[in-house]
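Single-structure report; data block below.
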Amino acid sequence: MATTAGASSWAREKALPIPDRNMVIIMEPFDSPRETKALPKFTKIFTSISTTFQSISSTRCRSMFSILIAILPSFLATLIKNPASSDKKRRETQKILALDGLRGLACLFVFHAHYSYSFSNCLEEAPTEQLRDRIMYQPYISLLWSGVAMVDVFFFISGYVLASKPLRLIRSQQVSKAFSAISSAVFRRALRLYLPSMALIVLVALMTHLRCFEAGNNFYWQAHIGKVGPQEPPPPYFTSFWDQIWDALMDCYRMFDNTIPWGAFNVPYTDTGAARPQATIYDPHLWTIPVEFKCSMLIFMMLTLTAPLRTSWRMTINGGLALNCLFTERFAELLFMAGMFFAEIDMIRAERHAQQVELDPSFHQRHNYNLPPARLQNLPFLQPVMSRRNFMSNLLGLTMFILGLFFLSTPSQSADVYPQFQTVLSWVPTYIREKDDFVRVIGAIMTTWPVATSTWLAPLFSNSVAHYLGQISFALYLVHGAVIKSLWYWLQPIVNEWVAGKPVWAMPSGPFIRLWLIGYVIVLPTVLWSADIFWRVIDQRCVALARWVESKAV
């Protein structure tokens, strides 16, 4: 397996740019490189380990050390290789760091959703009248395992981040550079999204042919009684290796076909022979990738269209299109457009503050502008005024965030049966079919935007855990399904026999909670470890390859 150092050597040999530590969610990388934050109390230990290994001259030992570095999680590998680098200050702004952390936590909650579905399709096994009284279906708590709500958050962040650099150039009157940035992003976007996804499909196909899912297949079909049982089946097994690979390549093509609005790839996804499958076979979670790509192209098209226009015209056009998407139930497009719209609002606010400070020094006193701490020491009479302004701004952001989380908690099944949401749903226009989606996307906007602007909320999503999850979130999204359907489908009946010895649907709450927690302690570290390796070995190299292809093509 290639090491992290090996990745750099390989990149130099192939004239590839060495990838930085940028994170992409489903999802666009941020601009600034980032360093994994270390735990200071372990620094001396890892420094000693590093010194010891560096003194070893044996080629075999060095090779073993390289393999160890490759399979270790990145935060441990960084400490062993270069402990001093862990003390460097992260350069990204609080806004970018907070959005990255939010995306990482959202991806963890997507894993929670699919892990929970490995026990049973609880939305089908019990009537909504029973589900609405369970604690895990209550507002806010349900977000811990609401995959559909977290995908809405992904889409808003993607729109915000994708539009940020072109908008900065447009607003600084560098339209030609903005066009170049948009062109580069368009060229690399497909490679950035589809190459890791294709690698995942082929990897899962190889795992399938090696019978990594055989025990999971047996468990899946034995556990199913009607609609009761795990929600997602393992991928199909082919006795011929080349048939397995061909089927994986067809799955890749199915994913591409869903990108094209008029595509009609006639390879059936199910026994019904559907011409337009709605998901891939080897990992159904990849349905978001074509949506990401299509909505990214919408963002780039609108940026190109509105780049030469005045701000008022651009904001009117983009805001009008976003509202049209909302009331015509194009919710993914709405979230991307809203991300771009609010990214420019943040830039306008920052520019106005800077202009007022430059033209009128008394602006601070009259408008409570938030000065840097060094300036505040020289202007103590402004501190109470500015503190009140900051307090009100943060209070408004916190209120919006909390209310947005409530809207984001709207159930995706029979939401009108839940008393907590009946009033909110009554506000939705009657012609809207997916009323729960309508409320949820508004909640995603209200939840995500304050994270980028509030100094109260940002620290919640900029800690080292959220930062690490943000780094590996795309890889985490890609690999978690395969780990659940191979490792946990195999272990679940074994653990179940030890815990309760009953089917999940007939199990009391106590044994079920123990089963859930035991599996979680086993599966989560495995998923994180697998995602970390996938991120370094495949994801970062795909980023480097996309940049290299662009450099050769231009």
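In the working numbering, the protein residues as written are 3 to 556.
Glycine included, every Cβ here is placed at the ideal spot set by N, Cα and C.
Model, not experiment: these values are computed from the prediction.
Keeping to the same chain, check which residues put their C-beta closer than 7 Å to that of residue i; ignore five residues upstream and five downstream.
| i | result |
| --- | --- |
| K504 | none |
| A345 | Y162, A165, S166 and L169 |
| S174 | none |
| L145 | F111, A151, L407, L410 and S411 |
| V497 | L517, I520 and G521 |
| M209 | F215, A484 and S488 |
| I143 | I137 |
For residue i, name the three-state secondary structure that DSSP assigns.
| i | result |
| --- | --- |
| I185 | Correcting the residue type first, residue 185 is Ser in the shown sequence and not Ile. Of the three classes helix, strand and coil, the one that applies to S185 here is helix, per DSSP. |
| E234 | coil |
| G503 | coil |
| N498 | helix |
| V545 | helix |
| N260 | coil |
| E353 | helix |
| S122 | coil |
| N465 | coil |
| I434 | coil |
| I143 | helix |
| R134 | coil |
| S199 | helix |
| M317 | helix |
| C297 | helix |
| T412 | coil |
| Q424 | helix |
Leaving out five residues before and five after residue i in sequence, what residues of the same chain have Cβ atoms less than 6 Å from its Cβ?
| i | result |
| --- | --- |
| M509 | A502 |
| G406 | G445, M448 and T449 |
| L99 | S464 |
| G103 | F463, S464, A468, H469 and G472 |
| V426 | V441 |
| A548 | R190, L193 and R194 |
Given a cut-off of 9 Å, decide if residue j and residue i are closer than it, judged by their beta-carbon atoms.
| i | j | result |
| --- | --- | --- |
| R442 | A250 | no |
| A460 | V453 | yes |
| L493 | V506 | no |
| F240 | P495 | no |
| F536 | L202 | yes |
| P232 | S148 | no |
| M304 | M342 | yes |
| P310 | V177 | yes |
| L471 | L107 | yes |
| V204 | C254 | yes |
| T290 | V188 | no |
| L328 | I319 | no |
| G512 | S456 | no |
| W458 | N396 | yes |
| Y491 | G218 | yes |
| V155 | R105 | yes |
| A340 | A324 | yes |
| P557 | C544 | The requested residue 557 is not part of the displayed model; the chain covers only 3 to 556. |
Using C-beta distances below 8 Å, list every residue in its chain close to residue i, excluding the 5 sequence neighbours before and after it, in chain order.
| i | result |
| --- | --- |
| F338 | F157, F158, S160, G161, L164, C297, S298, L300 and I301 |
| F295 | R191, A192, L195, Y196 and T261 |
Q | the region 433-448 contacting the region 397-414, beta-carbon criterion three pairs below 8 Å | A | Of all C-beta pairs linking the region 433-448 to the region 397-414, three or more are shorter than 8 Å, placing the two stretches in contact.
Q: Could you say if the region 187-197 and the region 325-334 meet the contact criterion of at least three C-beta pairs nearer than 8 Å?
A: Output reads no: the region 325-334 does not touch the region 187-197.
(Q) Pairs of beta-carbons, one from the region 115-123 and one from the region 474-489, closer than 8 Å: are there three or more? (A) Contact holds between the region 115-123 and the region 474-489, because three or more Cβ pairs, one in each stretch, are under 8 Å apart.
Q.
Closer than 8 Å is the cut-off here; do at least three beta carbon pairs connect the region 470-478 with the region 521-538?
A. With three or more CB-CB distances shorter than 8 Å, the region 470-478 counts as touching the region 521-538.
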